[in-house]
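Under the numbering used here, think of the first position of the sequence shown as 646, with each following residue one higher.
Glycine included, C-beta positions come from ideal geometry on N, C-alpha and C.
Note that the structure is predicted; figures quoted are calculated from it, not measured.
Working notes, structure below.
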Amino acid sequence: MSTPFLSVRNLHVDIETNRGLLKAIRGISLDVNEGQSIGIVGESGSGKSITLKAILGLLPKNARITSGDIFIEGQSLFELSEKARRQLLAEKIGIVFQDAIAALNPVLTVGTQIAEIPHRRMGWSKEKSRERAIELMTLVGIPEAEKRLKVYPHQLSGGLRQRVAIAIALSGNPRLIFCDEPTTALDVTIQAQVLRLLLDLRQKENTGIVFVTHDLAVVNEICQEVNVMYAGRFVERGNVQDTFQDPTHPYAYSLLKSAPDMDHQVERLFSISGEAPDLTKTFVGCPFAPRCFAVSDLCRTTEPDLLPIRTSLSACHHSQNYLDKLSEARA
Ligand SMILES: Nc1ncnc2c1ncn2[C@@H]1O[C@H](COP(=O)(O)OP(=O)(O)O)[C@@H](O)[C@H]1O
Ligand SMILES: [Mg+2]
C-alpha cells in the first residue's frame, strides 16, 4: 500500500476551559489518500473543527495536542521545526473555513490577496502572480476577473467573497483542501455552486478534500468516505454509499435512517434526544449509551473501539447483531 497523503495517528487534544480540562479529541486516526474526498460529520461540539485545527497547527491558545502523530507524505510534522512545519502545511493544504469571509483582509484588494502566496511564498514575479490571480478567479467562477482584481472584499456579494476565499485557498496549488462548513453561511444556490467547484477541482486537478459539515446531503454529494464523529472520537467510518445505505453504528443510524428523506436529515441530526457527555468529566462506557436504542450492560461499562465490520469501521459492541437483524429482516 502506498503512503497516504495525510495520516493522523491516535491524536488526542485537551482544552483548558473554565469548567476544567476538556478531553476534546480522544484518540482519532485518519488517512487521506491523494485525490480522496473525506467527509467528517457529527453534531455541534463533537470535535470536528478542533480536529482540523490540530492538524493545521491552528489550535486556540488554551488547546494542545497531548499525544499522537501527524504525517504528510510520510513526514511526521512533529519532527520538523516550527518554521518547516508551517511551510509544509501552507504548501500542501489549502483551507476554507466557515468564517473564511471574515478572514479576508478588508483593506487589501482581492487581487492582492489572491496573488500574495504566489508572489511572496512561491517567489513569482508581480506580473506572473497577477496572471495567476486572474486564472484562479476565473476557475472559481468570478466573472470579469481582470476587472475585479482591484475591488475590495466589501464590494462583493457574500457568494463572490466566499469564492475569493476559495481562490486564496487554491493559490498555493494545495494537494488537499480542508473545508470546515464552508457553505453554511451561503444561500442554497451559491452553496451548490461552491460544491460543484470543489468537485470540479477534484476531477481536474486531483485535489483531495476533507469536508467538515453537519449537512449529510453535502457529504453524500461530494465525499467518497464518511467519518461520523461523536464525543471526540470517530464512531463510524465507511464509504459513503454503504454507510448511507446501512450505517453500522446506532448513532450513525439515528443520524441517517430516522430521516424520511435527505432534506430532513439535517433537522434530525439535532433531534436525537439526550446529549453527548460532558468531556470535562470522566465517564465510563460508550459515550452514546444514554441515547442509544441498542444499549446493553456492556455498553455502560466498556467504551468500544473502532473496529472493522463489513466494509466499514464501527465503534459499537452491537454492530454485528444489528447488521444480522437487518439482513434477517430483508431475507
Ligand atoms: N477555544 C475553545 N475554548 C474552550 N473550548 C473550546 C474551544 N474551542 C472548542 N472548544 C470545545 O471543544 C469541543 C469541540 O469543539 P469543535 O471542534 O469546535 O466542535 P464542532 O464539532 O462543532 O466543530 C466543544 O466542546 C467545544 O465547546
Ligand atoms: Mg465546527
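Whole-angstrom C-beta distance between residue j and residue i, which should lie under 8 Å
i, j, result
"residue 759", "residue 809", "7 Å"
"residue 716", "residue 652", "4 Å"
"residue 930", "residue 946", "5 Å"
"residue 853", "residue 681", "5 Å"
"residue 699", "residue 660", "The pair is not a contact, with the Cβ atoms about 10 Å apart (cut-off 8 Å)."
"residue 672", "residue 878", "6 Å"
"residue 812", "residue 840", "About 16 Å; that fails the 8 Å criterion."
Per DSSP, cross-strand counterpart(s) of residue i
i, result
"residue 940", "None; residue 940 has no bridge partner."
"residue 973", "DSSP, once it has assigned bridges, lists no residue as partnering residue 973."
"residue 661", "666"
"residue 676", "652"
"residue 744", "Answer is none; residue 744 lacks a bridge partner."
"residue 968", "Answer is none; residue 968 lacks a bridge partner."
"residue 822", "739 and 854"
Delimiting residues of the beta strand (DSSP E) encompassing residue i
i, result
"residue 1003", "Residue numbering for the chain in the displayed model covers 646 to 976; residue 1003 lies beyond these limits and cannot be assessed."
"residue 881", "878-884"
"residue 858", "853-858"
"residue 717", "708-717"
Beta-carbon gap between residue i and residue j smaller than 8 Å
i, j, result
"residue 875", "residue 691", "yes"
"residue 820", "residue 679", "yes"
"residue 657", "residue 721", "no"
"residue 677", "residue 685", "no"
"residue 934", "residue 944", "yes"
"residue 798", "residue 743", "no"
"residue 888", "residue 871", "yes"
"residue 834", "residue 795", "no"
"residue 823", "residue 738", "yes"
"residue 900", "residue 861", "yes"
Ligand 2 heavy atom lying under 7 Å from the CB of residue i
i, result
"residue 826", "yes"
"residue 693", "yes"
Residue span of the alpha helix (DSSP H) that contains residue i, given as start and end
i, result
"residue 837", "833-850"
"residue 783", "771-784"
"residue 696", "693-701"
beta-carbon residue i near ligand 1 non-hydrogen atom, thresh 7 Å
i, result
"residue 662", "yes"
"residue 932", "no"
"residue 707", "yes"
"residue 684", "no"
"residue 669", "yes"
"residue 803", "no"
"residue 665", "no"
Residue i at chain B interface by Cβ criterion, 8 Å
i, result
"residue 729", "Looking at the structure shown, chain B is missing, and only one protein chain is on hand."
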